[in-house]
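The opening residue of the sequence shown carries number -17 in the numbering used here; numbering runs sequentially from there. Below is one structure, written out as structure tokens; comments come after it.
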Amino acid sequence: MNLPKLFFFAAPPGRPVLSRSKASAGIVAALLVLGGAFSDGAVALAATGPDRSPAGERLHALFESAWQQELADNPMMATYTGDTRFNDRWTDLSAAGLARRHQHDRDTLSALRAIPRAGLTPAEQLDYDLFAREYEQRLATHAFKPWLYQIDHMGGIQTLSETAEILSFQSVKDYEDWIKRLQGVGPLVDQHIALLDEAVREGRTQPRAIMERLPPQLALQVVDAPEKSPFYPPFQRFPDGIGAADRARLEAAGRAAIADSVLPAYRRLQTAFVERYLPATRASVGISGTPQGADYYRERIAYHTTLSGLTAEEIHAIGLSEVARIRAEMIKIKDQVGFKGTLQEFFVFLRTDPQFYYKTSQELFDAYLAVSKRIDPGLVKLFGKLPRTPYGLRAIPATSAPNTTTAYYQPPAADGSRAGFYYVNLYRPEVRPKYEMEVLSVHEAVPGHHLQIALALEQASMPQFRRNAGYTAYVEGWALYSESLGEELGLYQDPYSKFGQLTYDMWRAVRLVVDTGLHAKGWTRQQAVDYFKDNAAKTEADIVNEIDRYIAWPGQALAYKIGQLRISALRREAETALGARFDIRAFHDMLLATGAVPLDVMEPRMRAWIVAQQTNSEQATSEQAK
């Protein structure tokens, strides 16, 4: 999904716990019950209102209380989910604020453990166990002080202005909330400066190789007039419903807030970053070069893959095997199009030949739009249930486009007030290959991120923390698996487009090798770049951005391929077990029905469904024989 960091700005250290815990056995048991009892692919839903047990009522009351506290403690998260109640403030990142949220996490987990799990329905037990995992993870991650890594080249306080991208400026109150946020930028920036200084004292800085990218980003914020600030554009596009007098008042207030709070704050940040933080950044690129680094990386592996016991060495070996497999497929395509050189020479050809690139950003945008329109009609062949929520296409903001990835997806608001958006990078169209556009759109929009996430958000019977769950291995594993569905949707008819799909599959396989190489095996940044270039046709600009992303987010890139491999294996299991009775629509609907869950939860659930499908089929055959 590759969302800019600001979208998770100051969120608590972790979404659900991803290592196996004491609760896992209970999760598996609950899913076996659910899978066996609902063989048609439906999901058991917890009872509501008077049908709930006393324990169930306490459980759901805790879920709601915790969710509301989450939104109040993390206004950016609330904004992101479409809740506008806290649009006038930022998250408190002071030492006191961090300590308060940590204590609340402990209290919440204690309150959960006071609820008798045995008195819950199987569906509620699943909710209970997943909730426990989340808060256990937060408490475990707290020891590694992740808040000291709030800033990187892809996002953070220096891209805070992009918050406006997810806001709806339709009323006077929307603008008044934005003005209050602008007035609060000064204290927020000072909190960040304090965190940067703390990171220097503790030796928990980001690598210099990626932090050297930040001065130009900071310079975009330090302008000589409020009207030039990236925080100012909302005041240049008032809706028709706001009258002239209010427009003048709001614009003046916004200009004053930028002049009095925003600009001085970013000057302070620029000074602190350039004079104190940047000189103290570390020369190493792997997280192992920080205090507790090796332990933190092991925790990140478990967190992002949602699997326990999977080591860096094992993942590295899986990556090498996948690279070899995909490389053989690439050679077949190279030979098919009649290219006579080596695979590396073919990569150079693809990176440099003008036929594979658009000349202007507008041409590139229009082509992405055309691809998306071609994909949508074919979805009914593969899915029985599609989301009601639409998605749109947008360009990645110019402030972050030079330093971020090719595309990302922004989910819709939970209440349906904002559509999902597929963001594409139009910066330097000459490095954005045409042959990657189909596979990229499948991944980021449909049937990838938008289809999966929108369906989850529309599951009104699930608790909010489940509907908004972001288990990377499931979410990104699904999106990468979706890339393979392109052929079933009538895509990749051109051999170069098929090569684009292989390029993206190779990209995620390379991640397994490179991420573990950087953070567990002592690889240099250049080693990682060279390995990537040797095995993928991605452009130089994309490769450098990708490597720097892996450096900034240890372990996150592992989730894609690990998740895809597990989902693909489940499909093969189902096809083998069910034979002619295998229904791809039913398989996909069942896989997506509970929203994102850890892989060690998804797998037993799907295997129980396969068994139930077999049993139902055998019973139907027996009835027909009678």
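Built from N, CA and C at the ideal position, the CB exists for glycine as well.
Cutoff 6 angstroms; reference residue i; Cβ partners in own chain excluding five residues on either side
i           : result
residue 534 : 134, 192
residue 487 : 308
residue 50  : none
residue 457 : 578
residue 7   : For residue 7, the pLDDT reaches just 35, beneath the cut-off of 50, and the residue's location in the model is therefore unreliable, leaving the point undetermined.
residue 149 : none
residue 430 : 424, 461, 464
residue 301 : 491, 494, 495
residue 55  : 83
Bridge-paired residues (DSSP) for residue i
i           : result
residue 398 : None; residue 398 has no bridge partner.
residue 376 : 405
residue 137 : 134
residue 264 : 189
For residue j and residue i, the rounded distance between their alpha carbons
i           : j           : result
residue 166 : residue 69  : 11 angstroms
residue 467 : residue 413 : 26 angstroms
residue 372 : residue 394 : 8 angstroms
residue 525 : residue 531 : 10 angstroms
residue 29  : residue 589 : For residue 29, the pLDDT reaches just 38, beneath the cut-off of 50, and the residue's location in the model is therefore unreliable, leaving the point undetermined.
residue 203 : residue 236 : 15 angstroms
residue 41  : residue 404 : 36 angstroms
residue 352 : residue 409 : 19 angstroms
residue 448 : residue 505 : 37 angstroms
residue 389 : residue 370 : 23 angstroms
residue 492 : residue 357 : 27 angstroms
residue 67  : residue 152 : 15 angstroms
residue 613 : residue 381 : Limits of the chain in this structure are -17 at one end and 608 at the other, which puts residue 613 out of reach.
residue 147 : residue 318 : 44 angstroms
residue 320 : residue 333 : 17 angstroms
residue 78  : residue 186 : 20 angstroms
Extent of the continuous beta strand (DSSP E) to which residue i belongs
i           : result
residue 168 : Careful: residue 168 lies outside any beta strand (DSSP E), inside the alpha helix (DSSP H) at 167 to 184.
residue 340 : Residue 340 -> no beta strand (DSSP E), and no H or E assigned at all.
residue 188 : From DSSP, residue 188 is part of no beta strand (DSSP E); its letter is neither H nor E.
residue 427 : Run containing residue 427: none; DSSP gives neither H nor E here.
residue 392 : 389 to 392
Reference residue i; option with closest CA among the options
i           : options            : result
residue 220 : 311, 231, 115      : 231
residue 117 : 85, 472, 200       : 85
residue 501 : 294, 330, 238, 492 : 294
residue 421 : 404, 453, 386, 479 : 479
residue 482 : 514, 494, 452, 518 : 518
residue 47  : 445, 272, 343      : 445
residue 137 : 448, 570, 74, 384  : 384
residue 427 : 573, 462, 454, 575 : 462
residue 127 : 194, 183, 508      : 183
residue 217 : 497, 157, 471      : 157
residue 340 : 547, 94, 416       : 416
residue 438 : 471, 386, 368      : 368
residue 454 : 581, 242, 248      : 581
residue 538 : 82, 284, 556       : 284
residue 142 : 268, 266, 251      : 251
Alpha helix (DSSP H) segment containing residue i, residue limits
i           : result
residue 542 : 540 to 560
residue 334 : 325 to 334
residue 524 : 522 to 534
residue 198 : 196 to 203
residue 287 : 275 to 287
residue 129 : Careful: residue 129 lies outside any alpha helix (DSSP H) and carries neither H nor E.
residue 489 : 477 to 502
residue 313 : 294 to 318
residue 572 : 566 to 574
residue 82  : 77 to 95
residue 211 : Per DSSP, residue 211 belongs to no alpha helix (DSSP H) and is neither H nor E.
residue 517 : 507 to 517
residue 112 : 104 to 124
residue 59  : 57 to 63
residue 253 : 245 to 254
residue 218 : Premise fails: residue 218 is in no alpha helix (DSSP H) and is neither H nor E.
Close beta carbons around residue i, own chain, < 7 angstroms, minus the five adjacent residues each side
i           : result
residue 63  : 395, 396, 450
residue 419 : 349, 350, 353
residue 271 : 264
8 angstroms CB neighbourhood of residue i in its chain, flanking five on each side removed
i           : result
residue 205 : 211, 245
residue 21  : Below a pLDDT of 50, predicted positions are generally treated as unreliable, and residue 21, at 31, falls in that range; no measurement from the model is reported.
residue 573 : 460, 549, 552, 584, 588
residue 196 : 133, 135, 140, 255, 260
residue 61  : 68, 69, 145, 148, 149
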